[in-house]
Amino acid sequence: MRPPHPKSDRAFRQGHLAIDFPTVSFPSVGALLLGATQLFFATIPFLAAVTLSVYLPAKFVLQLALEALGVPSDGVVSILSMDFGDLLISSLVIPAVVFGLIGRMRTGGTLPPLAQAFRWGRRQWGKTLWNKFKVEITVALWSLFLIVPGLVAMVKLIFTDIIVAIEADGESEVLQRSRDLSEGHRWRIFAALLPALPISLLQTWATLRALQYSRLAMVPVDGLFAVLEQWQTVVILLIYLGLPALKAPMEPAFGKRKAA
Numbered sequence: 001m002r003p004p005h006p007k008s009d010r011a012f013r014q015g016h017l018a019i020d021f022p023t024v025s026f027p028s029v030g031a032l033l034l035g036a037t038q039l040f041f042a043t044i045p046f047l048a049a050v051t052l053s054v055y056l057p058a059k060f061v062l063q064l065a066l067e068a069l070g071v072p073s074d075g076v077v078s079i080l081s082m083d084f085g086d087l088l089i090s091s092l093v094i095p096a097v098v099f100g101l102i103g104r105m106r107t108g109g110t111l112p113p114l115a116q117a118f119r120w121g122r123r124q125w126g127k128t129l130w131n132k133f134k135v136e137i138t139v140a141l142w143s144l145f146l147i148v149p150g151l152v153a154m155v156k157l158i159f160t161d162i163i164v165a166i167e168a169d170g171e172s173e174v175l176q177r178s179r180d181l182s183e184g185h186r187w188r189i190f191a192a193l194l195p196a197l198p199i200s201l202l203q204t205w206a207t208l209r210a211l212q213y214s215r216l217a218m219v220p221v222d223g224l225f226a227v228l229e230q231w232q233t234v235v236i237l238l239i240y241l242g243l244p245a246l247k248a249p250m251e252p253a254f255g256k257r258k259a260a
């Protein structure tokens, strides 16, 4: 068994992931997307292993439970259950993914063991879930006015998962931290996230089509798109690391907050 990296062990002791390696400033959107795509494909075995080892069994259990309870697959209860299930699952997966990606960037290519990544994911699960829930409520409330305010709120809070995964114990005001970091960069962030929209639309279509055959047929389809969605996680992580306020090396991974 490969021994844990000493700096990874330090993350558990100190309660954050240190950004103690050189990072690239937020470049043009095209350069960012190219770099994110390269990193995504370079780490896709790790990303797939982390994502599918949680998504597939959890989704199978959820669909079997809904079927046993006689919940219609196209009903509101089923849709809400799947959405809530996604929140629970992604709150474990995303910090584990970020832990692995940060570890690879630090070592120049070596990924940490899956067990260690999931250990960090479990550590951050509750905080990630709570902040994801707050983001969902905030975006939904702003969307009640018009679509545009909802999109603006989404971009402002886009770093929430990454902040929890990296800054961890060092940041309690996660949503405000994301607003501060995104300020002045929101149009470029929005442009960088636009390519993820077709993937999201295709996922919705493919999932609904699979549900027409059976609940269980939907699970591997949803799992495939869950892996593809990690490309967006990579994009957001690279934007975060490229912000002027986070130039490395830095210990811990967050800068000084402005006085209120």
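Read left to right, the sequence shown gives residues 1 to 260 (my numbering).
C-beta atoms are modelled at their ideal positions from N, C-alpha and C, and glycine is treated no differently.
Practice task
For Met1, count neighbouring Cβ atoms within 10 angstroms of its own Cβ and tell me buried if that reaches 16, exposed if not.
Solution key: Annotation note: pLDDT 43 at Met1 (below 50); position unreliable, coordinate value reported separately. It is exposed - the Cβ of Met1 has fewer than 16 other Cβ atoms within 10 Å.
Problem - Buried/exposed call for Ile89, threshold 16 Cβ in 10 Å - result: buried
Problem - Boundaries (first-last residue) of the alpha helix (DSSP H) holding Val71 - result: Element bounds for Val71: n/a, residue is neither H nor E.
Problem - Length of the line joining the Cα atoms of Asp20 and Arg123 - result: 21 Å
Practice task
Answer with buried or exposed for Ala65, where buried requires no fewer than 16 other C-beta atoms within 10 angstroms of its C-beta.
Solution key: exposed
Practice task
Go to Thr37, then tell me how far its alpha helix (DSSP H) extends in each direction, as first and last residue.
Solution key: 29 to 42
Practice task
Along the alpha helix (DSSP H) that carries Leu263, what are the first and last residues, could you check?
Solution key: There is simply no residue 263 to check, as the chain begins at 1 and stops at 260 in what is shown.
Practice task
Locate the alpha helix (DSSP H) running through Ala196, then write down its first and last residues.
Solution key: 196 to 211
Practice task
Pick out the complete alpha helix (DSSP H) segments inside the stretch 81 to 169, 4 residues or longer, and give them in chain order.
Solution key: 114 to 143, 147 to 156, 160 to 166
Practice task
For the stretch 31 to 49 and the stretch 230 to 239, state whether three or more C-beta atom pairs, one from each stretch, are separated by less than 8 Å.
Solution key: yes
Handout entry: Sequence-distant residues of its chain with Cβ nearer than 7 Å to Arg177 (five each side left out)
Key = Ile163, Glu171
Handout entry: Pick from Lys132, Gly184, Gln14 that is closest to Phe84, judged by C-alpha positions
Key = Lys132
Practice task
Look at the alpha carbon of Ser182 and the alpha carbon of Leu157, and state the distance between them as a whole number of angstroms.
Solution key: 8 Å
Practice task
With a threshold of 16 other CB atoms inside 10 Å of the CB of Ser25, please say whether the residue is buried or exposed.
Solution key: exposed
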